[in-house]
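If you want the working numbering, it's the 1-based position in the sequence shown plus 569. Beta carbons are placed, not taken as given, at the ideal position from N, Cα and C, and that holds for glycine.
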Amino acid sequence: MSAAFDGSGYRQRVLAPLRAGSSLDTADPFLIAGLDPTVPYTDSDIGAHLVRVLAFLQRERNSAKYATLATELVRRRVEWEEPLRDAESRERVRAHVLAARRSGDAERLAKVDGYLATVRERFGGIPASRVDGLRRLAAAAGVTVEEFDARLSREQIIVDGVGGGIEPLPPEVRRQIAERLAELRALRGGDRVSSASLWAFLGLAPDASPERLRAAYAAAAAANSRRPHDREKTVTADLLALVSARLIEGDPAAYTVGLIADAADELRPAVEEHVVLDGELTAVAFEGLVRAALATGRGLTAAQAKSVVLGVARELGAAVNVGGVVDYVVCPGCGRPEAAGAARHCRYCDTDLYTTCPSCGSMTEAAAVVCRHCGHSLRQAREAAEALAAVRRALESGRPRQAGDLLAAAHPVLVAVGGPVAGAADELGARVSAALGAADACWRALSEARAASRADSALDDARWLAAQAADVPGPDGRSPAEVLAELIAAQAVIRRRVEAARALPPEAQEAALAAVLATAADNRDALAALAALPLSPPSDLAAVSGPDGSVQLRWRASPSVGGPVSYRVERVVLVEGGGATLGRRSLGTTRSTELYDAGAPAWTPVRHEVTAICGERRSEPVTTAPVVCTRDLAELRAERTAAGIRLGWRLDGALSVVTVERTVAPSSPVSQPPRRARVTGGVFHDTDVVVGATYRYHVFVEYHDAAGHPARTPGAEAEVEVTARPRPVHDLAAVTTSGRTALRWTPPPGWEVRIYATPVAPGASGTGGGPGSTDPRFVPGSGPLPLGGLGAEGDDVRLAAITGPVRLVGASRTGQVAESAPVGEVIYTPVTVHGGSAVVGRAVRHVVIEPVRDLRADDRGESIVLSFQMPPGVTEARVLWRRDRTPTGPDDPYAASAKVTNTSLEIKGGWHLAAPADGWAYHVAAYPMYRAGGIARVATAGVAVLARPATRSDPPPAPTASGPATGGHLLGGPGGGPGGIPGGPFAGRPAAGPDAPGPDPITAAHPLGGPAQPRTGAIPLPVPVGARHPVPAHQPGGARVAAHGDNPPTTPLGGLPMPLLPPAGAGAPPAGGPAPAWQPRFAPGAPGPFVPGGAVPTGPGPGAVPPVVPDGPGVPEAPEDPGVPPAPGIPGSVAGGPMVTGPMPQAPDAVPLIQPTVTYTVSRSGWRRRTMRVQVRTSGPVGELILFARPGTAPPRAAAEAHELSRLAAVDQAVTRTIDVTLDGAQLPWGVRLLPALVHPTGWTVTHPADEDLVVH
């Protein structure tokens, strides 16, 4: 709310209305305070505004005009201030005030509406002379000027007198207009309606808008331009010029005022006569003068006529007596007025006084210029209605061009009328355009039909044009009627030709009708006559079966000349041995005389039917003789294998029995009788071959032809010479020294050997694989999917097929080759080459790595500092240490371990081992590490050193099997007593039983300090509780008690010499020869150490013992423990000294090994039994298994005889697994078998079901 107070506005809005009232009413506090009740105010705004109002009223008490009112308002301030100060009371007063104001406004507006209605009913509108008086009455009623003007804008204003600020046209101009209108009335036969005034001439009311005025002028000008040159056209042109000058360019009100002035001049003598004679205008005289004013023919309305009479009487100062309100209607014929509603016809000339408005359909005066209901010009509406009716008649009669011309001529009138008439005109215009477009399209279709000799179509188009577009000429200017007459005559000629053709003999009718159709291709009579004639079938149909299983069909075309002939071909499949139809299939329709059927079923008699088709005519089908489609084999291959000769071929389609015939070439030095075999599956192995012989193989398919006679396909032939196969290499060995890997083998005489290297796949290498270690599960050629083209050991392979990740290392005839390979695991495969093929030898798996160099130990009392050099390409090493003896290997479970990097050695000047001086020895070993497939692995080529000799005689605490620190299960001694080496995580399998027994029997080291068991595939079962003999255990008090259970204590040993490992692939030395450097030495007759579980020891001796350094110094002897006798079965020299000097008998009652077995079953399962399920049960650790299958009822015996279906990974425990193979689309029967991935697995077996249980039907 503004802080400034408008005193003047307050006086006008508040004080003046209150002073005009008879008494002061405080019921509207918002009015007294000068506030708007529709605006929300806050209490602070109200308080501030009331202070300003009261201050102004105090000043107004000194005013001469509003002193009394201001004093009264100040005195009664409580009555209008208090309701405004409180918010709740202010809202109640606001609602009451708004309701009262709405009620008062409605009453005032209703009063003004009554004023306007009274004047409108009396004069037929609002005379312009009475507008000012009505405005004053409205202001007196309390209605604002804006509200009154809004209501006045909805009324019709009547110009009813001279003056009002508007000057009439000069008399001479008015006289000129009247003369032209009188002449036009005479030319139009006394038409008073259209010649009363310029407004009547245009057909408009005097208050018409400028837009309608211009439209009416344009319509009249357009209509006059189409008139012939005569006097009426000239007079009309003059009047149009006056309309343009006086109504459009000038002020149209001046012309209307001039009409009223002329009427007043004409009536003044009569009015003056009545005034002079009677002293006043009586009611009768007034009505007579009004009738006389209407009869002047100037087009005045009744209101204008009454206004003229009253104006003249007012000028003469005479009194006027007016009777009842009477409205008049002027006769359009004689121009005489009649009382409105009294009669329907003029009593003078019997002309209709009323007519129907063409626009709104209401009854209105016939002499009126515009309809009093809709305001449209009656004459323009009538002209528009007549024009639209004429357009509709032209369209209905099939003359769209004439309709378009009529619509174009009436366009100005239609625009001037507007409203619904304009919408109807637009609709008719769209119909005219569509009719003209359809006529043009039909003319084009007629021309195309005549050009294509389609006489019937052309005749139909001509008939349509004659009925729907008779006034639209064609491209050549001729009318549709002329073209139609010409086509009807041509149709008569065609009809006579067809009748003449039907009278000919049957064999000549088709040619005659074809001649008729050549000139009238769509003639219905000719087509019907031709369809009644039979169609000649094709001839000389022949079917020839191709070698690829397709059938080639050829025939001679039908001799019909009745039109283009196509041929429908169908295939009919017959039942074997009979002629009944089994199935029919359409192969399509062609206009050619040959067709290839590439989808005919093989080995089944089929025949083909060909039917000629010409329009709707069908010939009798022609049938071929039955034929049998064959599928001959292709891509016959013959390969030399270790077992003989292998034949392979490709046979498309359903599998069928293939016959193999073998003969010996005449040039062969041996002679054998011919042999035949019937095989399936696309592979045949011939094992009965003789070296030096040349065999010829003829492979074909036998079947029965369509007549049931035996037949066979041409097949394919192959010739193979059986030459002596070179001996594969079985003793490949690999040794890495000085950064190079040397490969050696016994060379086969006269043959070249190539060495291929294959990288080991990530996750394929086992733990502890070192030089010389091989894992057959991952060697190339060990399974049915050779790696890079290398087959199994002893297989013949083609050199061109060796691809992929396989790398050629070198070729040699001397038995050795070398390469510089990066650090890591690699598989070397020897291949003996003979010509374009080769024989695969035994592969070895080798770790390309060297031991660490210059291992030294610096004993500093409380710690030991190790220093060494990493081999080339190695950056990490594993360090292991034990207190009782040298670590047995990188996975010694009784040794503690740590990883050392090359960086830590350089930065810290060596690796520091915390070693308190407790008197016992420290044995340290270092093993290089490498990475295979992103996984860190430890090589078995290690170096050991005695870092600190023992200074006390008692043995160190018994070590517990902790294993390498790679995570796993925690294992320890019975209690892990003080001084003992704490148990660490163990990397092997979890221990069985609730008490977590000792080390894993598979990977644990020998309890006497020997190496771990060899990985030969034989996995001993855990020893049952109580199955072991009691072993004496060392107690703190020196007494020995028998230890039972799964945690027998181990016997501490002194240090043992460092082991050396043989090179990869090195076998046993020749009999009687010197022992190699890596062969351990044994005392004469020494049986070797005890092996837990009775496992078969490795090495040449009867038992496996750790090898010693040849001719090397021993290790310091371990002090004997007084009171501790040697373990049973173990000589005391072994328990306390570094060398094995006496016999070591095997421990009694060793637990025998139980080999794991694999059993399996084959069954059908699933929905509709479309799934083959193989359930595999293993009783212990087994290797990888492969499921093979081949077509037929004979299960495969080897991997080379079948295809691989699925694989099962190796497991280390008893488990049951399932293989599901879907049979959708399979060509059963199948023979299946589960085979190990290794050709000869060690330590476990597979038990197979009966052969009939391995066939899936």
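| request: Take R781 and list the residues in its own chain whose beta-carbon comes closer than 7 Å to its own, dropping the five residues that flank it on each side. | output: L773, A985
| message | Per DSSP, what are the beta-bridge partners of R1759 in this structure? | response | G1800
| request: Give the straight-line distance between the Cα atoms of V643 and L885, rounded to the nearest whole angstrom. | output: 57 Å
| Host alpha helix (DSSP H) of W1172 (start-end) | For W1172, there is no enclosing alpha helix (DSSP H), since its DSSP letter is neither H nor E.
| Residue nearest to D1117 in terms of C-alpha spacing, selected from T1088, V1197, R1071 | V1197
| request: Return helix, strand or coil for K802, following the three-state DSSP convention. | output: Under the three-state reduction of DSSP output, K802 falls in the helix class.
| query | Under three-state DSSP, which class holds C900? | reply | If DSSP states are grouped into helix, strand and coil, C900 belongs with coil.
| request: Go to F770, then tell me how far its alpha helix (DSSP H) extends in each direction, as first and last residue. | output: Note, F770: alpha helix (DSSP H), 767 to 771.
| With L997 and L976 assumed to form a contact (beta carbons below 8 Å), what rounded beta-carbon distance in angstroms separates them? | That pair is a contact at about 6 Å.
| Buried/exposed call for A1704, threshold 16 Cβ in 10 Å | The predicted position of A1704 is uncertain, since its pLDDT is 37 and thus under 50; no value can be drawn from it.
| Best match in D718, A1276, L1515 for proximity to V1493 [C-alpha to C-alpha] | L1515
| said: Using CA atoms only, rank isn't needed, just tell me which of V1751, P1805, G1794 is closest to Q1782. | reply: With distances taken between Cα atoms, Q1782 lies closest to V1751.
| task | Could you check which residue in V1443, R1137, R1209 has the C-alpha nearest to that of S1188? | result | For S1188, the nearest C-alpha among the options comes from R1137.
| query | Can you tell me the Cα-Cα spacing of P1420 and G1363, whole angstroms? | reply | 34 Å
| message | Among the candidates A862, N631, H1809, T1787, whose CA atom is the shortest distance from the CA of R1776? | response | Scanning A862, N631, H1809, T1787 for the CA closest to the CA of R1776 turns up T1787.
| Same chain, Cβ closer than 7 Å to T1210, neighbours up to 5 away in sequence not counted | Counting only Cβ-Cβ distances below 7 Å, and skipping sequence neighbours, we find D1364, D1365.
| field | chain B contact for L623 (CB, 7 Å cutoff) | value | Included in the structure is just one protein chain, with no chain B present.
| task | For C1011, name the three-state secondary structure that DSSP assigns. | result | helix
| R1411 (DSSP reduced to helix, strand or coil) | coil
| field | Residue environment, T1158, which counts as buried when at least 16 other CB atoms sit within 10 Å | value | exposed
| query | Any idea what DSSP makes of P1599, helix, strand or coil? | reply | Confidence at P1599 is low in this model, with a pLDDT of 40, below 50, so the placement of that residue should be treated as unreliable; the coordinate-derived value is given next. Of the three classes helix, strand and coil, the one that applies to P1599 here is coil, per DSSP.
| task | Within the stretch 704 to 757, note down every full alpha helix (DSSP H) run reaching 4 residues or more, in order along the chain. | result | Whole alpha helix (DSSP H) segments, 4+ residues: 714 to 721, 740 to 756.
| request: Alpha carbon to alpha carbon, how far is M1498 from T1816? Give it in angstroms, no decimals. | output: 41 Å
| Per the contact definition of three or more C-beta pairs closer than 8 Å, is the stretch 1105 to 1112 in contact with the stretch 1126 to 1141? | yes
| Among V620, V1448, A1010, which has the Cα closest to the Cα of W649? | V620
| said: Please report the straight-line C-alpha distance between A1007 and E1185, rounded to a whole angstrom. | reply: 32 Å
| Leaving out the 5 sequence neighbours to the left and right, which residues in its chain are closer than 7 Å to T1791 when beta-carbon positions are compared? | Excluding positions up to five away in sequence, the list reads R1739, T1740.
| query | Near A1832, which residues of its chain fall below 6 Å by C-beta distance, leaving aside the five closest residues on each side in sequence? | reply | In the structure as shown, the chain begins at 570 and stops at 1826. Residue 1832 is therefore absent and cannot be evaluated.
| request: Please name the residue, chosen from R654, G1251, L1156, that lies closest to A1167 on a Cα-to-Cα basis. | output: L1156
| Per DSSP, G1157 forms a beta bridge with which residues? | V1138
| field | Expected contact under 8 Å - CB spacing of E1867 and A1246 to nearest Å | value | This structure gives no information on residue 1867, because the portion of the chain shown stretches from 570 to 1826.
| Does the distance from the C-beta atom of V1512 to that of L1424 stay below 7 Å? | Yes, Cβ-Cβ distance for V1512 and L1424 is below 7 Å.
| request: Return the chain-ordered list of same chain residues with a C-beta closer than 6 Å to the C-beta of L753, the five sequence neighbours on each side being excluded. | output: S764, V804
| Of all the beta strand (DSSP E) runs that stay within the bounds of the stretch 1048 to 1116, which reach a length of 3 or more residues? | 1108 to 1114
| query | Which word fits M1873, buried or exposed, when buried means at least 16 other C-beta atoms lie within 10 angstroms of its C-beta? | reply | The chain is shown from 570 up to 1826; residue 1873 falls before or after that span and cannot be answered.
| said: Tell me the rounded alpha-carbon separation between D1040 and R1023. | reply: Looking at the two C-alpha atoms, the distance is approximately 25 Å.
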